[in-house]
Amino acid sequence: MSAALLQVRDLRVTFSTPDGPLQAVRGVDFDLPAGTVMGVVGESGSGKSVTMLTVLGLTQGAQVSGQALFEGRDLLAMSAAEQRKVRGARIAMVFQDPLSSLHPHYRVGWQIAEMIRAHEPVSRAEARRRAVELLAMVGIPQPQRRIDDYPHQFSGGMRQRVMIAMALALRPRLLIADEPTTALDVTVQSQILDLLRRLQAELGMAVIIVTHDLGVIAEMAHEVLVMYAGQVVERAPRRAIYYRPHHPYTRGLLESLPARTGLPGTLPAPGRAGSAQRQRLRPIAGQPPSLIRVPPGCPFHPRCPFVMDVCRREPPRLRPVDVNGSHESACWLPPEAVGLGAEADARRRAAAGSGRIQPAEAGWGAA
Amino acid sequence: MLRFLVRRVLFGILVLWVVTVVVFAIFFLAPHDPARLIAGRMATPATVAAVRHNLGLDRPVYVQYGSFVWNLLHGNLGYSYYRAQPVTQLLLSRLPVTASLALGAAVLWLLIGVGIGVLAAVRPRSLEDRAATVFALTFYSMPPFLLGLVLLYLLFFRLHLAGVTFFAGGGYTPLTQDPLGWAQHLLLPWITLALVTSVTYIRLTRGSMLDVLGEDYIRTARSKGLGELRVIVVHALRSALAPVVTQFGVDLATLLGGAIVTEQVFGLPGLGQLSVQSVTNQDLPVIIGTVILFAFFIVVANILVDVLYAVLDPRVRLS
Ligand SMILES: Nc1ncnc2c1ncn2[C@@H]1O[C@H](COP(=O)(O)OP(=O)(O)OP(=O)(O)O)[C@@H](O)[C@H]1O
Ligand SMILES: [Mg+2]
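Protein chains in written order, with my numbering: chain A, 179 to 545; chain B, 36 to 354.
(1) When DSSP labels each residue in this structure, what does A:Met398 get in the three-state scheme?
(2) Taking the straight line between their C-alpha atoms, what separation do you get for B:Leu346 and A:Gln465?
(3) Are there any heavy atoms of ligand 1 lying less than 8 Å away from the beta-carbon of A:Gln238, as far as the coordinates show?
(4) Are the C-beta atoms of A:Val516 and some chain B residue less than 9 Å apart?
(5) Measure the C-alpha to C-alpha separation of A:Ala355 and A:Ile269 and round it to an integer number of angstroms.
(6) Confirm, please, whether the CB-CB distance from B:Ala294 to B:Thr133 is below 9 Å.
(7) Using a C-beta to C-beta distance shorter than 7 Å, which residues of chain A count as neighbours of B:Asp251?
(8) What residues of chain A sit near B:Arg350, judged by a beta carbon separation below 9 Å?
(9) Beta-carbon of B:Ala156 versus every beta-carbon of chain A: anything under 9 Å?
(10) Rounded to whole angstroms, what's the CA-CA distance from A:Ala303 to B:Asn106? Just pull it up for me.
(11) Strictly under 9 Å for the Cβ-Cβ distance: is B:Leu347 near chain A by that measure?
(12) I need the boundaries of the alpha helix (DSSP H) containing B:Ala70, first residue and last residue.
(13) Compute every distance between the C-beta of A:Asp356 and the non-hydrogen atoms of ligand 2, then say whether any falls below 8 Å.
(14) Can a CB atom of chain A be found closer than 9 Å to the CB of B:Thr240?
(15) Below 7 Å CB to CB, which residues in the same chain sit around A:Leu445 once its five sequence neighbours on both sides are set aside?
(16) Kindly indicate which three-state DSSP category B:Ala288 falls into: helix, strand or coil?
(17) In the structure shown, what three-state DSSP assignment does A:Glu506 receive?
(18) How many Å lie between A:Ala202 and A:Val191 at the Cα?
(19) State buried or exposed for B:Ile48, treating a residue as buried only when at least 16 other CB atoms are found within 10 Å of its CB.
(20) State the start and end residues of the unbroken beta strand (DSSP E) segment that holds B:Pro159.
(21) If we define contact as Cβ-Cβ less than 9 Å, is B:Ile48 a contact residue for chain A?
(22) Could you tell me whether the Cβ of B:Leu353 comes closer than 9 Å to any Cβ of chain A?
(23) Give the DSSP-derived three-state secondary structure of B:Asp348 in the structure shown.
(24) In this structure, how does DSSP classify A:Asp356 when only helix, strand and coil are distinguished?
(25) If we cut at 9 Å on Cβ distances, does A:Gly223 have a partner in chain B?
(26) Taking 9 Å as the CB-CB limit, is A:Ala546 close to chain B?
(27) Give the interface partners of A:Gly266 over in chain B, defined as CB-CB distance under 7 Å, in chain order.
(28) What did DSSP end up calling A:Gly198 once you bin it into helix, strand or coil?
(29) Just to be sure I understand the criterion: a residue counts if its Cβ is closer than 6 Å to at least one heavy atom of ligand 1. Which residues meet that?
(30) How far does the beta strand (DSSP E) with A:Phe248 in it reach, from first residue to last?
(31) Can you check whether the C-beta of B:Thr255 is within less than 9 Å of a C-beta belonging to chain A?
(32) Per DSSP, what are the beta-bridge partners of A:Arg251 in this structure?
(33) Give me, in chain order, the residues of the same chain whose beta-carbon lies closer than 7 Å to that of A:Leu231; leave out the 5 immediate sequence neighbours on both sides.
(34) Check whether the Cβ atoms of A:Ala384 and A:Met216 lie closer than 9 Å to each other.
(35) What's the call for B:Asp68, buried or exposed, on a 16-neighbour Cβ count within 10 Å?
(36) Applying the criterion that 16 or more other CB atoms from any shown protein chain within 10 Å of the CB defines a buried residue, is B:Pro209 buried or exposed?
This is the structure we're talking about:
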């Protein structure tokens, strides 16, 4: 098996706040093979953005530990100058709000050319020529003319295309898109996702798409990471996540998708559905835990409908729930407690019931 | 952009016109009769009447105002009562002194203010930041004349005693005559004016930079792999300068106040000193001349600031 393009090992990020240390990321591991698409989902505040920004070396004023091996070299152990060479050129990033993420005082062509010239010794004219090509590549009409416009002269979707053009200027091996469609109109969202998918196939790069909306990555991701309270709680190929979720939190996220598209049988279609259908119907009850005082045991236990005694005491670790180990979940429920719908919930309830009576036998020690 | 400019210029002309009316009204309603002032205490009523006729003071008000504006448009501000010199010539001879003082001080206070402000913002709550706060508080509470005297004592008097004669104690040497002497004479006034004014700029730049450094596009700049210096100067400072430019426009307008005090302390024969003297002497044509000249400067400075603002921010320029 070829080595992964990006291997993150036990990544921890702690911010110091007036109320005490805030553990935004608490031991994240994942492998991203070259040329694949990974979706990262989770509610607001689950540490998705901080994880990605830390990999790029962009978290400031935080205590960071762990490893992020990119092409075999640890990004977190590199000097600042080495990190800068990777940033933009090998790993590029697209952010949520393209209006605030582009500099309001510079022309878009200038901003793209700056990216090129920061990493390659090319002339101004050459950088400009390439910027025009890039704008054309992301589907901006009349790129020759638009290159001298300012960000505020573009529509939201066109601005995000500019961001994508800039991110892809140096043909990075990895593109990290942090909620690339959240700030956009619903009709534009699917266009941007289509564009990302097309470019991923054309350029063969790896892509990480961060979102709190499982619908966004339904058509694109090869693998999905589900994050909760700074940890990965479930990791699985896309189909397994949608049809055989194990973790009650993942189950909750899927149930919160619109009923017509979110239930087994049809994959939720990103963007295609009307805006009314995409609204959260059944959000998970309760609030995510404070990252300053994380509850003992499983961080999800205060909100979990299937909570067992062991959940309050011991934090579950990621363990395989299928035969080949491609599907992992950090939950004390037995491996067969997967799926959506009444039947799967009945299985979970049954397991949880026995877990409450005989806590010592519950979970993975017996499996 | 052109329409914007035309609108600003027309507004500036309107402001200047209002200034001429106000100035003329003050002149006309002045408690002292200029004719009597010029003719002297011992003059006979006939002499005073003759002087009054010479000055045109016996004509109707609107005729006087008309000729006042007419002369003004031709650069003629009349004669000083006290010096046998046309006011225009007098002002022009003093202008280079004040211009040298103001421009030099402005460059210095922008460098000090923006420089320290940026350093403080890049590492908030660091030693640099605290030092900047102490610096700002020290000079914030210090009146310019006191600072001027302190600088004179330390850098001129004490250094002269110690045998170092670099700083001049007062007076002025034209730039065209002796550039080094010009700078030597102006260094202490520049420092005085700049230190006092830079305080505003430190606080303004620091606050504005802190805001901008939290912007998403700064994160984008870093994600592009740009060097930190480029991120701070090209990306952050560029945006952070907008409020600084606005403040600069305001300060150019109030510069006269600072110039008056500084020119007095350092014996600089500039417009500030001239206006103090002409007020003491009740030299009305000179007072009027300085007021109109400064009003003109303020209007021009404000137009320049607006233009600069538009150049800095395309959203202003293109809307
Ligand atoms: N610079 C910082 N200082 C202190 N706390 C921070 C900082 N940046 C992030 N956090 C905290 O870290 C936690 C994780 O934030 P993160 O931005 O990674 O969430 P997210 O999963 O991306 O959520 P969202 O969907 O809202 O973007 C949050 O509780 C956030 O308040
Ligand atoms: Mg986020």
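Where a beta carbon is used, it is the ideal one built from N, C-alpha and C, also for glycine. The structure presented is a predicted model; accordingly, all values stated were derived computationally and were not measured.
So, from the listed chains and residues:
(1) coil
(2) Reading off the sequence, residue 346 of chain B comes out as Val, not Leu. So the two alpha carbons sit approximately 48 Å from each other.
(3) yes
(4) Taking Cβ atoms only, chain B never reaches closer than 9 Å to A:Val516, which makes this a no.
(5) 11 Å
(6) In this structure, B:Thr133 lies near B:Ala294, with their beta-carbon atoms less than 9 Å apart.
(7) For B:Asp251, the chain A residues whose C-beta falls within less than 7 Å of its own C-beta are Phe273, Asp275, Ser278 and Ser279, listed in chain order.
(8) Pro282, His283, Tyr328 and His330
(9) no
(10) 55 Å
(11) yes
(12) Pro69 to Ala74
(13) yes
(14) no
(15) Caution is warranted here: a pLDDT of 48 is assigned to A:Leu445, below 50, making its placement in the model unreliable, and the coordinate value is therefore given only provisionally. Excluding positions up to five away in sequence, the list reads Ala396 and Tyr420.
(16) helix
(17) strand
(18) 6 Å
(19) exposed
(20) Unbroken run through B:Pro159: none, as it is neither H nor E.
(21) no
(22) Chain A, which has a Cβ nearer than 9 Å to the Cβ of B:Leu353, makes this yes.
(23) Shown here, B:Asp348 sits in coil according to DSSP, grouped into three states, outside any helix or strand.
(24) strand
(25) Closer than 9 Å to the CB of A:Gly223 there is not a single CB belonging to chain B.
(26) Lying before the first or after the last residue shown, residue 546 of chain A is absent from chain A, which here runs from 179 to 545.
(27) Ser258, Lys259 and Gly260
(28) The answer is strand: DSSP assigns A:Gly198 an E or B state.
(29) Qualifying residues come out as A:Phe193, A:Thr195, A:Leu200, A:Ala202, A:Gly220, A:Ser222, A:Gly223, A:Ser224, A:Gly225, A:Lys226, A:Ser227, A:Val228, A:His390 and A:Leu469.
(30) Ala240 to Phe248
(31) yes
(32) A:Phe248
(33) Correct list, in chain order: Thr237.
(34) yes
(35) exposed
(36) Classification for B:Pro209: exposed.
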